[in-house]
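Participant:
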Amino acid sequence: MRLMSAAAQRRTRRTSTNPTSGGLVWIGIGLLAAAGLWQLITAWQEGLSGGRDFVQDYAAIIKVVDGRNPYEPFNDVSQAVFGGPPHRGQLYSFHAPTSLPLLIWLWPFAKVWGYSGAFLAWGVVNFVALWSICWISLRVTGARWAGVAGLLAAFSLVMLPAVYECFEEGQLNIVWRLGWWGAGPHAAKAARDWQACCSPWDSP
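Written out as structure tokens, the structure reads:
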């Protein structure tokens, strides 16, 4: 029995510490992440080249700071940023007012670097949110190197058309999802930790 147990432990040790398979997995993820990084740069370049979903948010920020109605037509802002022939119809924002608190902090970037600065700043925040979703998901499952793996996974996910579009358009979707995807597990863990060490109801 002792010999059988020792042999089983050696097999388990060899399986769990096999460097070849683990290295190949990391190489594969790294290649996907490199391709995703290229896609991310392309998405931002496309987003800066013309009117996208973010234009209405940028216009709302400008108008709020100027003391104007953020939901009045933003033809003037679009024309000032991109030029070209004027739109024949009125351009209205269809984003809910609840999006403004997420975006108003971009005003300094808009003030100093214009539309490009605000768009890229929001793009970085979007990517950090995507990385946070990946990191939290891996951390909850107990994965090792969750931060690094989450970063590589975030870059890899940019290759998905829906995720690529979020960065190209400057959408709010990823940041919104961070709230209900990531905060839930962390809030639950924090509540359990607090109850285990600090809850007054458990005191004798």
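Count the sequence shown with this note's numbering and you get residues 1311 to 1514, in order.
For glycine and all other residues, C-beta sits at the position ideal for the given N, C-alpha and C.
1. Determine the direct distance from the alpha carbon of Ile1337 to that of Thr1330, and round the result to whole angstroms.
2. Who are the near neighbours of Phe1364 in its chain, counting only those whose CB is closer than 6 Å to its CB and skipping five residues on each side?
3. With a threshold of 7 Å on Cβ separation, who are the neighbours of Gly1427 within its own chain once the five nearest residues in sequence on each side are excluded?
4. Return the residue from the list Gly1399, Ala1344, Ile1372 that minimises the CA-CA distance to Ala1390.
5. Going by the CB atoms, is the gap between Ala1343 and Phe1518 shorter than 8 Å?
6. Using 8 Å as the threshold, is the C-beta distance between Ala1439 and Leu1448 below it?
7. Exposed or buried, which one is Ala1453 when buried takes at least 16 other CB atoms within 10 Å?
8. For Asn1436, which residues of its own chain have a beta-carbon under 7 Å away from its beta-carbon, when the five flanking residues on both sides are left out?
9. Taking a contact to mean a Cβ-Cβ separation below 8 Å, would you say Asp1367 touches His1405 in this structure?
10. From this set, Trp1417, Ala1459, Arg1398, which residue's C-alpha is nearest Trp1445's C-alpha?
11. Hey, could you find the ends of the alpha helix (DSSP H) Asp1367 is sitting in?
12. Specify the secondary structure class of Gly1399 as computed by DSSP and reduced to three states.
13. Can you give me the C-alpha to C-alpha distance between Gly1282 and Trp1354, rounded to a whole angstrom?
14. Compute the distance between the beta-carbons of Ala1370 and Pro1383, then report whether it is under 8 Å.
Facilitator: So, from the listed chains and residues:
1. 11 Å
2. Phe1429, Gly1480
3. Within the same chain, Cβ atoms closer than 7 Å to the Cβ of Gly1427 are found at Phe1419, Ala1420, the five residues on either side in sequence being excluded.
4. Per the Cα distances, Ile1372.
5. Residue 1518 lies beyond the residue range present for the chain, which begins at 1311 and ends at 1514; the question has no answer from this structure.
6. Result no, Cβ atoms of Ala1439 and Leu1448 do not sit closer than 8 Å.
7. exposed
8. If we look at Asn1436 and ignore the five residues flanking it on each side, its Cβ neighbours are Cys1476, Phe1477, Ile1484, Val1485.
9. yes
10. Ala1459
11. 1364-1375
12. Shown here, Gly1399 sits in coil according to DSSP, grouped into three states, outside any helix or strand.
13. Lying before the first or after the last residue shown, residue 1282 is absent from the chain, which here runs from 1311 to 1514.
14. No, they are not a contact pair.
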